[in-house]
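What follows is one structure encoded as structure tokens, with my remarks underneath.
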Amino acid sequence: MNGRINLISQAEYARRRGVAKSAVAKAVKEGRITLIDGKIDPAVADIQWAQNTRARADAGRPASEQVEGMGDAPQAANNASQAPDSASTAKDDYQALRVRREMAAVEREERENAKDAGLLVEKSAARRGTFDAFRALRDDVMNAPQRAAPRVIGLADTREIEHVFREELRKAFEIAEKRLQALLPMTLEAK
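Numbering (full-length UniProt numbering), first residue to last: 1 to 191.
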């Protein structure tokens with residue numbers, strides 16, 4: 001940058017933005033865009049335009065729909081009393097839609113950030129991992145008596161027998177805990 005401000009006319013700014021000169025003039029008149037010696041700084045004006053000007057609610061409709069009611073003077077006169085209410089309702093609807101759209105974009109970004117950080121996993125992978133881990137736990141617990149049987153042969157004291165069974169069950173649950181920890185995202189393991 002050379003430190004100089006590049007000032008242009010309202011007509012030139014309208015051409016650059018691809019809008020009518022009257023739209024730029026209206027934005028200047030309403031104070032949405034500031035002038036410097038009757039000229040516009042395009043860099044500043046672009047920021048002001050984005051912050052202070054809302055998109056038209058009917059910008060996405062085809063021109064045939066926008067001019068559909070032209071030439072219907074009697075109908076327009078009948079609807080004149082309803083116009084202020086419908087205009088405010090349309091404005092409220094547009095603003096509510098815009099808020100919902102912006103909230104959805106924020107939520108989408110938060111999900112993407114959490115996924116990138118490793119805090120989110122695919123639902124199907126989590127279900128499959130949980131099923132496999134609990135199936136392995138069930139198998140280990142059901143096989144504990146078979147592993148303990150040779151060790152309890154010849155033991156007469158019930159406390160010693162209980163100790164052997166408790167030891168086998170503890171081993172099964174420790175193995176299951178290690179399996180579940182291996183399935184968790186790394187960031188959750190540290191916490």
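Note that CB positions come from ideal geometry on N, CA and C, so glycine has one too. None of the values given here were measured: they were computed from a predicted structure.
Item checked: For I161, the three-state DSSP class (helix, strand or coil) -> Correct three-state label for I161: helix.
Note to self: Between Y13, W49, E102 and R179, which has its C-alpha nearest I40's C-alpha?
What the structure shows: Restricting attention to Y13, W49, E102 and R179, the CA atom closest to the CA of I40 is found in Y13.
Check: Quick one: Cα of V164 to Cα of R170, how far?
Finding: Each residue's alpha carbon lies about 10 Å from the other.
Checklist line | Same chain, Cβ closer than 6 Å to L180, five either side skipped, listed in chain order | finding: In its chain, beyond the 5 residues on either side, A133 have a beta carbon closer than 6 Å to the beta carbon of L180.
Next item on the list: Take N143 as the anchor and find which of D93, K21, T53 and R166 has the nearest alpha-carbon.
Entry: Checked all of D93, K21, T53 and R166; the closest Cα to N143 is R166.
Item checked: Nearest neighbour of P150, chosen from A20, V121, I161 and R100 [CA to CA] -> Checking every option, the nearest Cα to that of P150 belongs to I161.
Check: Looking at the structure shown, is I153 part of a helix, part of a strand, or coil, going by DSSP?
Finding: In this structure, I153 counts as coil in the three-state DSSP scheme.
Notebook entry, point to check: Under three-state DSSP, which class holds I8?
Noted result: The answer is strand: DSSP assigns I8 an E or B state.
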